[in-house]
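Numbering (full-length UniProt numbering), first residue to last: 1 to 210.
A short worksheet on the structure shown next.
Pasting the structure below:
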């Protein structure tokens with residue numbers, strides 16, 4: 001049993017391990033991923049009395065701030081080399097280049113911060129998402145800060161934090177957030193991605209009051 005914090009409310013997630021991880025491509029390219037809140041896979045995990053995370057065909061779908069949000073990963077070109085989570089070397093592989101958020105209601109989530117992390121296998125240590133050029137820091141969390149002003153345009157209502165907890169607005173040399181008016185989606189992109197696509201098995205999403 002794991003605790004999930006959403007603002008001032010706590011709830012317990014229910015374990016229901018799955019024997020296999022299924023990966024599919026989003027729009028022919030993006031990796032569909034198993035959902036995760038806390039530190040375990042499950043079919044349904046309660047966040048609090050009103051919000052829960054549910055799992056479809058590998059796409060993370062959660063109810064947060066009274067709205068459903070779907071999250072999917074998009075791969076980079078298969079040009080990276082390194083060592084995977086099992087310690088084996090890899091070459092010409094894809095990393096997580098960007099993360100797509102669909103259905104994120106900035107008015108319902110006004111005044112909250114969304115923290116996202118990726119995990120490999122059963123590890124409780126978050127994977128590194130990207131590296132920061134100026135600090136040479138490997139970053140394992142992405143933070144989306146949603147403005148408390150509900151009148152702001154959706155394209156301007158979310159900003160990002162760097163590894164020093166500084167607000168960088170919507171873009172830096174290391175990460176950027178773009179809103180598409182056509183699809184009403186947000187895309188968080190990393191300039192120097194680190195997370196190997198084939199290693200990702202779980203996604204952790206936490207919301208808190210800013």
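All C-beta atoms in this analysis are idealised placements derived from N, C-alpha and C, irrespective of residue type, glycine included.
The model shown is predicted, which means the values in this text are computed figures rather than measured ones.
Residues that DSSP places opposite residue i in a beta bridge
i	result
residue 132	137
residue 99	73, 188
residue 159	145
residue 167	161
residue 82	90
Among the options, the one whose alpha carbon lies nearest that of residue i
i	options	result
residue 91	100, 81, 162	81
residue 156	164, 163, 144	144
residue 110	197, 158, 170, 93	158
residue 173	71, 201, 140, 134	134
residue 163	169, 151, 137, 176	137
residue 108	178, 151, 160	151
residue 69	114, 89, 76	114
residue 77	191, 118, 141, 101	191
residue 116	85, 128, 170	128
Integer-rounded CB distance, given that residue j should sit under 8 Å from residue i
i	j	result
residue 189	residue 95	Not quite, the Cβ-Cβ distance comes to about 12 Å (not below 8 Å), so this is no contact.
residue 71	residue 205	7 Å
residue 208	residue 112	7 Å
residue 123	residue 85	7 Å
Between the CA atoms of residue j and residue i - distance to the nearest angstrom
i	j	result
residue 74	residue 149	30 Å
residue 268	residue 146	With the chain represented from 1 up to 210, any question about residue 268 goes unanswered, as that position is not in the structure.
residue 203	residue 194	15 Å
residue 79	residue 196	11 Å
residue 37	residue 154	Annotation note: pLDDT 34 at residue 37 (below 50); position unreliable, no value reported.
residue 177	residue 93	24 Å
residue 104	residue 180	12 Å
residue 120	residue 89	16 Å
residue 101	residue 141	15 Å
residue 131	residue 139	6 Å
residue 27	residue 182	Note on residue 27: pLDDT 31, under 50, position unreliable in the model; the coordinate value appears next. One C-alpha to the other measures close to 16 Å.
residue 168	residue 210	16 Å
residue 186	residue 160	12 Å
residue 2	residue 106	Note that residue 2 scores a pLDDT of 35, beneath 50, so its modelled location is shaky; the value from the coordinates is reported in the next line. Distance between the alpha carbons of residue 2 and residue 106: 27 Å.
residue 171	residue 165	14 Å
residue 118	residue 175	16 Å
residue 83	residue 126	16 Å
Discussion item. So within the segment 173-207, which uninterrupted beta strand (DSSP E) runs reach at least 3 residues, ignoring any that extend past its ends?
Written reply: Within the segment 173-207, the complete beta strand (DSSP E) runs of at least 3 residues are 175-180, 185-190.
Worksheet item: Which full runs of the alpha helix (DSSP H) of 4+ residues lie inside the segment 102-127, going along the chain?
Response: DSSP runs (the alpha helix (DSSP H)) wholly in the segment 102-127: none.
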